[in-house]
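In this text, residue positions in the sequence shown follow the working numbering: the first is 5, and each later residue adds one.
Where a beta carbon is used, it is the ideal one built from N, C-alpha and C, also for glycine.
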Amino acid sequence: MQTITLTNQKGGVAKTTTAHILATGLHNRNYKILIVDLDPQCNLSYSCGIDMMKVEHTLYDVFKENIPAKKSIISIKTGFSIISGGLTLAGADMEFMQTGREYMLRETLKEVLDDYDYCIIDTPPTLGILTVNALTASQSIIIPMTADAYSIQGLSQLQGLIKNVRKYCNSELDIAGLLLTRYSDRTVISRDLKRYIEEAAERLETKLFQSTIREAVAVRESQLVVSDIFTESPKSKVAKDYNDFIDEFLKGR
Ligand SMILES: Nc1ncnc2c1ncn2[C@@H]1O[C@H](COP(=O)(O)OP(=O)(O)OP(=O)(O)O)[C@@H](O)[C@H]1O
Ligand SMILES: [Mg+2]
Numbered sequence: 005m006q007t008i009t010l011t012n013q014k015g016g017v018a019k020t021t022t023a024h025i026l027a028t029g030l031h032n033r034n035y036k037i038l039i040v041d042l043d044p045q046c047n048l049s050y051s052c053g054i055d056m057m058k059v060e061h062t063l064y065d066v067f068k069e070n071i072p073a074k075k076s077i078i079s080i081k082t083g084f085s086i087i088s089g090g091l092t093l094a095g096a097d098m099e100f101m102q103t104g105r106e107y108m109l110r111e112t113l114k115e116v117l118d119d120y121d122y123c124i125i126d127t128p129p130t131l132g133i134l135t136v137n138a139l140t141a142s143q144s145i146i147i148p149m150t151a152d153a154y155s156i157q158g159l160s161q162l163q164g165l166i167k168n169v170r171k172y173c174n175s176e177l178d179i180a181g182l183l184l185t186r187y188s189d190r191t192v193i194s195r196d197l198k199r200y201i202e203e204a205a206e207r208l209e210t211k212l213f214q215s216t217i218r219e220a221v222a223v224r225e226s227q228l229v230v231s232d233i234f235t236e237s238p239k240s241k242v243a244k245d246y247n248d249f250i251d252e253f254l255k256g257r
């Protein structure tokens, strides 16, 4: 199983949207997929049609009570499953203080390594213990970002965290690339910012994916009906953007 984390402490840059569409696109290409929703906001779980009130065992329960990971896995369709972190994970930074707390997710996923081709992890917009767990459990990271100055500024904090995780928890961690989301190349400022982001990618010793994702109402429409763009708007330009990105990502594997 290849484990990939979508992360960026900046809010609203399409981490959850991209996690859901990437998981769906890989499932459509016949890979077996496990999604891990590490964000206490549970947006990804809702996007997958999960009613959190009815979830029997969340990832919080797995971490807290050592119940087997398999008991927390919810099957959405054949070969497409999810583990939800749950709202109670919101207190994780204060609650999990024990030695080895960075490895909770990595240990949990060991149980299912042979059951899936890809595990896609969505993270909250913070650099706390949940994100550290995601990075410790992953082979690679995708960093979704919007073309704005604050996104670029935030990258140095993320770079610091990645450096520490590589040093203390997971020396194998690779940055697959930065992905420009909600992007329009119509303005000069957007094109300038794209160049700055390419330079930032070089500093991180990674690349900016050539595929960029445009801002499109089809994305929000599909989320509103708890579906995905490949089902609701398969011919849309944004569905093509995401398919191109997934193909580019797979080529780099
Ligand atoms: N390509 C797009 N076109 C239009 N709207 C988009 C696109 N991508 C994401 N959005 C919208 O942007 C908002 C933020 O997206 P999303 O929740 O995926 O970001 P996030 O990084 O996961 O946010 P958070 O940091 O709060 O977890 C959502 O309302 C989503 O519908
Ligand atoms: Mg999110």
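Sub-8 Å separation of residue i and residue j beta-carbons
i      : j      : result
Tyr172 : Met5   : no
Val66  : Thr112 : yes
Gly89  : Thr62  : yes
Ile146 : Ala180 : yes
Val223 : Thr21  : yes
Ile233 : Tyr187 : no
Leu26  : Ile125 : no
Cβ neighbour criterion (16 or more within 10 Å) applied to residue i
i      : result
Met149 : buried
Ala153 : exposed
Asn34  : exposed
Lys255 : exposed
Asn174 : buried
Lys14  : buried
Heavy atom of ligand 1 within 7 Å of residue i beta-carbon
i      : result
Ala18  : yes
Pro44  : no
Gln161 : no
Thr185 : yes
Glu99  : no
Gly15  : yes
Asn247 : no
Pro72  : no
Ile217 : yes
Arg224 : yes
Gln227 : yes
Pro129 : yes
Ala141 : no
Residue i, enclosing alpha helix (DSSP H) - first and last residue
i      : result
Ser49  : 47 to 51
Ile217 : First-last for Ile217: undefined, no H or E at that position.
Ala141 : 133 to 141
Asp248 : 241 to 255
Phe67  : 63 to 69
Residue i beta carbon near ligand 2 (any heavy atom closer than 7 Å)
i      : result
Asp232 : no
Asp118 : no
Asn47  : yes
Asp189 : no
Asp251 : no
Run of the beta strand (DSSP E) containing residue i, from where it starts to where it stops
i      : result
Ile79  : What sits at residue 79 in the sequence shown is Ser, not Ile. Residues 78 to 81.
Tyr122 : 122 to 126
Thr9   : 6 to 10
Inter-residue CB distance, residue i and residue j (contact presumed, cutoff 8 Å)
i      : j      : result
Leu91  : Cys46  : 7 Å
Ile156 : Ala204 : 6 Å
Leu165 : Leu131 : 5 Å
Leu177 : Leu139 : 6 Å
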